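In my numbering, the protein residues as written are 95 to 326.
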Ligand SMILES: C[S@@+](CC[C@H](N)C(=O)[O-])C[C@H]1O[C@@H](n2cnc3c(N)ncnc32)[C@H](O)[C@@H]1O
């Protein structure tokens with residue numbers, strides 16, 4: 095069939111968001127497209143062995159779906175954070191997920207005591223903050239929800255994330271450490287409830303309604319079955 099003869103997709107394809115969680119749920123991204131819709135277009139407009147380029151690829155939905163469909167894929171995005179997430183979802187350099195599971199376990203063991211302390215007691219979080227390495231408290235762009243970086247977090251949230259980050263950094267450089275950083279998206283979704291962060295608008299309010307959980311976002315090995323897919 096000539097490519098010019100390919101029939102366009104005229105019917106709406108409902109987004110199957112649940113299905114996306116398998117690969118793409120590891121980190122939120124503001125403009126991510128539903129994988130099942132991207133996949134339908136790839137199936138219609140390309141064949142196995144074709145090269146698929148998404149020059150505005152975001153966190154890699156097009157490239158990853160193309161790869162899973164037997165196409166060659168080229169991923170590009172202006173945003174290095176998007177490329178970081180894409181690279182880590184699709185990274186095939188780990189021959190086995192065992193080193194990742196072991197690293198998760200080490201990070202969990204190293205953090206759990208400190209996280210329990212700060213979850214129960216905001217004063218403890220403030221004490222932790224005095225000795226933890228923290229990123230610079232930069233002023234955020236004028237259209238941000240908060241004025242300064244630290245304004246986005248309560249002391250307990252900031253201390254919790256810094257404790258986890260410190261443990262991850264001890265894992266050294268490489269794909270395992272990058273995968274652990276990538277899971278930070280889930281840590282963010284499980285931040286403990288604490289004193290309301292200072293904010294410019296009402297948009298940070300949602301942090302108050304998240305459930306209190308021990309071991310911020312650190313999934314135990316039994317919760318990591320999704321990593322056993324074709325990309326792992
Ligand atoms: C609509 S999103 C892409 C979503 C992507 N298809 C997905 O499903 O995740 C558009 C992307 O274009 C990127 N972008 C904007 N201007 C760009 C440029 N000049 N070069 C490369 N990427 C750019 C943005 O960072 C953003 O991630």
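Quick reminder that beta carbons are idealized off the backbone N, C-alpha and C, glycines included. Values in this document were obtained by computation on a predicted structure and should not be read as measured data.
Whole-angstrom C-beta distance between residue j and residue i, which should lie under 8 Å
i	j	result
residue 163	residue 133	7 Å
residue 130	residue 145	Incorrect: roughly 22 Å between the Cβ atoms, too far for contact.
residue 247	residue 231	The pair is not a contact, with the Cβ atoms about 11 Å apart (cut-off 8 Å).
residue 258	residue 222	Going by Cβ atoms, the distance from residue 258 to residue 222 rounds to 12 Å, so no, they are not a contact pair.
residue 138	residue 103	6 Å
residue 219	residue 253	4 Å
residue 176	residue 123	6 Å
From the options, residue whose alpha carbon lies closest to that of residue i
i	options	result
residue 158	138, 276, 224, 179	179
residue 202	98, 103, 260	260
residue 183	265, 139, 153	153
residue 98	268, 181, 140	140
residue 194	181, 262, 112	262
residue 251	209, 272, 227	209
residue 227	264, 111, 151	264
residue 191	100, 111, 276, 270	270
According to DSSP, residues forming a beta bridge with residue i
i	result
residue 242	233
residue 167	146
Within the structure, which residues are defined as neighbours of ligand 1 by a Cβ-heavy atom distance below 7 Å, reported in chain order? In chain order, the qualifying residues are 123, 125, 126, 127, 132, 148, 149, 150, 151, 152, 153, 154, 155, 156, 170, 171, 172, 173, 176.
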